[in-house]
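Q:
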Amino acid sequence: MWQQGVSEYCKSCDRCQEANKSTGKRLGNAIKIQKPSRPWESVHIDWVTGLPPGGDRSYNSCLVIFDRLSKTPIFLPCHKDDKSMETALLIWNRVISWTFIFTNIIGDRDPKLTSALWKNIHQIFGTKLSFSTA
68 MWQQGVSEYC
78 KSCDRCQEAN
88 KSTGKRLGNA
98 IKIQKPSRPW
108 ESVHIDWVTG
118 LPPGGDRSYN
128 SCLVIFDRLS
138 KTPIFLPCHK
148 DDKSMETALL
158 IWNRVISWTF
168 IFTNIIGDRD
178 PKLTSALWKN
188 IHQIFGTKLS
198 FSTA
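All letters in the sequence shown, in the order written, are residues 68 to 201 by the numbering used here.
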């Protein structure tokens with residue numbers, strides 16, 4: 068009876084939970100990302116999914132590319148099931164053709180960004196792909 072009360076109290080106590088050691092996999096050390104020196108040098112890429120189909124091609128997602136220096140976003144309609152090649156072509160045709168080749172891309176661990184195609188693209192252009200944690 069006494070132990071159960073202590074366990075329940077500890078589970079509900081914020082300080083106890085903060086002090087509790089995590090049993091999950093360690094995430095590693097956070098690395099400070101350098102501030103870019105020119106627009107479109109470093110961008111953040113993410114997808115907004117679950118949108119209602121729209122447009123003449125029934126797009127259901129949006130690829131968001133955000134310039135880290137100027138804070139300018141670019142919104143590109145796309146499909147949730149687009150593969151790495153479609154995503155690369157979309158970025159090449161609609162963004163890189165009128166900006167610069169990015170030196171750094173930050174994104175989550177979406178399979179579109181972790182594929183062999185993207186690794187080859189970064190190797191060819193000498194760019195760096197960094198992954199965010201959330």
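We put the beta carbon where it would ideally sit given N, CA and C, even for glycine. Nothing here was measured: the structure is a model prediction, and the numbers come from that model.
Specify the secondary structure class of G122 as computed by DSSP and reduced to three states.
A: Along the sequence shown, read from residue 1 onward, the residue named residue 122 stands at position 55. In the structure shown, G122 sits in coil (DSSP, three-state: anything other than H, G, I, E or B).
Q: Measure the alpha-carbon distance for K186 versus K179 and round it to whole angstroms.
A: Indexing the sequence shown from 1 puts residue 186 at position 119. Indexing the sequence shown from 1 puts residue 179 at position 112. If you take the alpha carbons of K186 and K179, they lie about 10 Å apart.
Q: Within the continuous alpha helix (DSSP H) that includes F198, where are the two ends?
A: Numbered from its first residue, the sequence shown carries residue 198 at position 131. First-last for F198: 195-198, but that is the beta strand (DSSP E), not the alpha helix (DSSP H).
Q: Let me check understanding here. Comparing Cα to Cα, which of F192, C145, K78 lies closest to L118?
A: Working through the sequence shown from its first residue, we reach residue 118 at position 51. Comparing Cα-Cα distances from L118 to each of F192, C145, K78, the minimum goes to C145.
Q: Can you tell me where the alpha helix (DSSP H) holding F192 begins and where it ends?
A: The count along the sequence shown starts at 1 and reaches residue 192 at position 125. 183-192 is the extent of the alpha helix (DSSP H) around F192.
Q: Exposed or buried, D134, counting other C-beta atoms within 10 Å across all chains shown (16 or more means buried)?
A: Against the sequence shown, residue 134 aligns to sequence position 67. With 16 or more Cβ atoms within 10 Å of its Cβ, D134 is classed as buried.
Q: If I follow the unbroken beta strand (DSSP E) through S128, where does it start and stop?
A: Numbered from its first residue, the sequence shown carries residue 128 at position 61. Where S128 is concerned, the enclosing beta strand (DSSP E) stretches over 128-134.
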